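Protein chains in written order, with UniProt numbering: chain D, 1 to 292; chain X, 1 to 144. Quick notes on the structure that follows.
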């Protein structure tokens with residue numbers, strides 16, 4: 001992070017401001033955190049979709065919303081993969097138990113096996129964010145543009161982690177148990193497997209589950225690295241610098257870390273306190289509607 | 001949980017007509033919601049809502065400050081945009097990996113800027129140069 005350049009005057013101003021800040025913080029904490037006022041928080045989606053913002057604010061919001069949407073979609077998908085991972089472990093446990101179960105037990109375990117596979121599928125079906133689901137088909141994709149002026153963008157294609165695709169892929173890859181896994185996915189049960197072949201078949205099934213687990217984990221790590229990429233590529237500075245010719249040097253210097261942000265906030269507070277200016281010109285209505 | 005009859009006046013939506021006070025109020029209100037989200041991180045939807053709302057508020061400011069007819073001096077613009085840039089990047093970080101501690105800096109920035117906006121320039125000049133905070137009244141005009 002770049003250091004913040006402060007003049008001697010700024011420093012001494014900040015020092016004296018610091019002493020008033022403790023007091024200010026106490027007051028503001030009471031004001032800002034005191035009593036709960038609004039019982040329900042309004043639906044965020046409603047105002048994000050609102051068209052009342054100025055064109056300029058809309059341009060900024062569009063890009064930020066896209067990044068927000070990208071992160072949320074990826075996170076929904078990652079959360080789903082984590083749950084699928086857990087379900088697959090249970091599925092493997094059920095298959096192993098079937099090795100030593102009697103006929104009634106095998107029927108019961110077969111039903112559990114099918115239930116868990118159903119859960120995998122319905123869980124994946126719920127993993128969408130605002131209509132984009134990256135884990136239950138291969139037909140969707142997520143695109144996040146980092147800038148309106150460049151072509152820089154992130155594309156993520158969806159993958160199919162539903163039981164059918166997962167086990168077919170796993171079975172083909174390891175060339176074991178595809179028929180059996182398919183039969184079980186189709187709702188068959190362990191009782192249909194000949195006793196003589198039971199152990200081998202179940203071993204095939206568990207190794208197919210193991211392959212499925214590694215597929216799911218690879219997907220999770222890929223989605224996770226896309227989230228990281230979004231974080232690091234989300235650079236808003238170029239916008240500001242282009243639009244603010246004077247003072248742009250200062251802006252470039254101030255690639256703030258938390259400490260720097262604190263100092264600039266204090267300085268800005270002082271500047272604002274000395275001049276009767278406000279930020280948003282005619283947008284008072286927009287500001288108010290944000291918290292209605 | 002909280003008695004609604006003790007609802008304080010400052011948190012009610014202020015009347016239109018004083019943009020400076022409105023913006024100060026909005027920053028304080030956003031900080032309050034962030035602080036509330038920080039205390040209840042389990043309510044993930046409310047947590048993210050508070051963060052996104054704060055982001056949107058700063059986007060409105062950012063657009064206003066970058067508008068060609070903004071009367072702000074460049075130094076102040078640069079400061080506001082630097083803060084806005086920090087908030088942009090920090091907010092993306094919070095959305096990607098929510099944790100209550102990360103809201104501290106957002107809350108602090110809002111409170112500082114709100115304090116500047118809610119100060120009336122005449123009294124604030126005194127507050128900013130006097131090194132001993134003698135008067136708690138300071139430059140705050142919440143109770144208007």
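Cβ atoms here follow ideal geometry from the backbone N, Cα and C, with glycine treated the same way. Note that the structure is predicted; figures quoted are calculated from it, not measured.
In the DSSP output, which residue or residues are listed as bridge partners for residue i?
i	result
residue 136(D)	160(D)
residue 145(D)	153(D)
Does residue i get closer than 8 angstroms to chain D when you measure Cβ to Cβ?
i	result
residue 93(X)	yes
residue 70(X)	yes
residue 79(X)	yes
residue 19(X)	yes
residue 5(X)	Any answer about residue 5(X) is weak, because its pLDDT of 47 lies below 50 and its placement is not dependable; what the coordinates show is given next. Not closer than 8 angstroms to any Cβ of chain D, the Cβ of residue 5(X) fails to qualify, so no.
residue 76(X)	yes
What do you reckon, are the CB atoms on residue i and residue j nearer than 8 angstroms?
i	j	result
residue 116(X)	residue 261(D)	no
residue 161(D)	residue 206(D)	no
residue 156(D)	residue 141(D)	yes
residue 74(D)	residue 91(D)	no
residue 13(X)	residue 87(D)	no
residue 120(D)	residue 84(D)	yes
residue 280(D)	residue 64(X)	yes
residue 134(D)	residue 230(D)	no
residue 268(D)	residue 113(X)	yes
residue 146(D)	residue 234(D)	yes
residue 95(D)	residue 213(D)	no
residue 95(X)	residue 68(D)	yes
residue 291(D)	residue 29(X)	yes
residue 54(X)	residue 118(X)	no
residue 62(X)	residue 81(X)	yes
residue 278(D)	residue 23(X)	yes
residue 122(D)	residue 139(D)	no
residue 98(D)	residue 202(D)	yes
residue 189(D)	residue 110(D)	yes
residue 50(X)	residue 111(X)	no
residue 144(D)	residue 66(D)	yes
residue 44(X)	residue 271(D)	no
So residue i contacts chain X; which residues on that side make the cut at Cβ distance below 8 angstroms?
i	result
residue 292(D)	13
residue 208(D)	Chain X residues near residue 208(D): none, gap ~33 angstroms exceeds 8 angstroms.
residue 205(D)	Those do not exist, as residue 205(D) stays about 36 angstroms from chain X at its closest Cβ, beyond 8 angstroms.
Could you name the residues of chain D that residue i contacts, counting a contact when the two beta carbons are closer than 8 angstroms?
i	result
residue 99(X)	Chain D residues near residue 99(X): none, gap ~14 angstroms exceeds 8 angstroms.
residue 47(X)	Per Cβ cutoff of 8 angstroms: no residues; residue 47(X) is ~10 angstroms from chain D at best.
For residue i, decide whether its Cβ has a neighbour in chain X, counting only Cβ atoms nearer than 8 angstroms.
i	result
residue 279(D)	yes
residue 220(D)	no
residue 288(D)	yes
residue 256(D)	yes
residue 283(D)	yes
residue 275(D)	yes
residue 68(D)	yes
residue 24(D)	No answer about residue 24(D) holds up, because its pLDDT of 44 lies below 50 and its placement is not dependable.
residue 272(D)	yes
residue 227(D)	yes
residue 71(D)	yes
residue 127(D)	no
residue 64(D)	yes
residue 234(D)	yes
Quick one: measure Cβ to Cβ for residue i and residue j, integer angstroms, because I've assumed they're closer than 8 angstroms.
i	j	result
residue 276(D)	residue 20(X)	7 angstroms
residue 154(D)	residue 226(D)	7 angstroms
residue 27(X)	residue 265(D)	Actually they are not in contact, since the Cβ atoms of residue 27(X) and residue 265(D) sit about 11 angstroms apart, beyond 8 angstroms.
residue 86(X)	residue 256(D)	4 angstroms
residue 191(D)	residue 118(D)	About 19 angstroms separates the two Cβ atoms, so there is no contact after all.
residue 60(X)	residue 283(D)	5 angstroms
residue 221(D)	residue 129(D)	Incorrect: roughly 19 angstroms between the Cβ atoms, too far for contact.
residue 293(D)	residue 80(D)	A question about residue 293(D) goes unanswered here, because the residues of chain D that appear run from 1 up to 292.
residue 215(D)	residue 166(D)	6 angstroms
What does residue i reach in chain X if we use C-beta pairs closer than 7 angstroms?
i	result
residue 269(D)	112, 113, 115, 116
residue 78(D)	Simply none; closest approach about 10 angstroms.
residue 231(D)	92, 93, 96
residue 114(D)	The premise fails here: residue 114(D) is roughly 31 angstroms from chain X at the closest Cβ pair, so nothing lies under 7 angstroms.
For a contact meaning CB atoms closer than 7 angstroms, what does residue i contact in chain D?
i	result
residue 83(X)	261, 264, 265, 268
Which chain D residues sit within Cβ distance under 9 angstroms of residue i?
i	result
residue 103(X)	Ordered by position in chain D, no residue passes the 9 angstroms Cβ test against residue 103(X), which lies about 12 angstroms from the chain.
Any beta carbon of chain C sitting closer than 8 angstroms to that of residue i?
i	result
residue 42(X)	In the structure shown, chain C does not exist; the protein chains are D and X.
Run the proximity test for residue i: is its beta-carbon closer than 7 angstroms to any non-hydrogen atom belonging to the ligand ADP?
i	result
residue 292(D)	Among the ligands in the structure shown, none appear at all, so the ligand ADP cannot be discussed.
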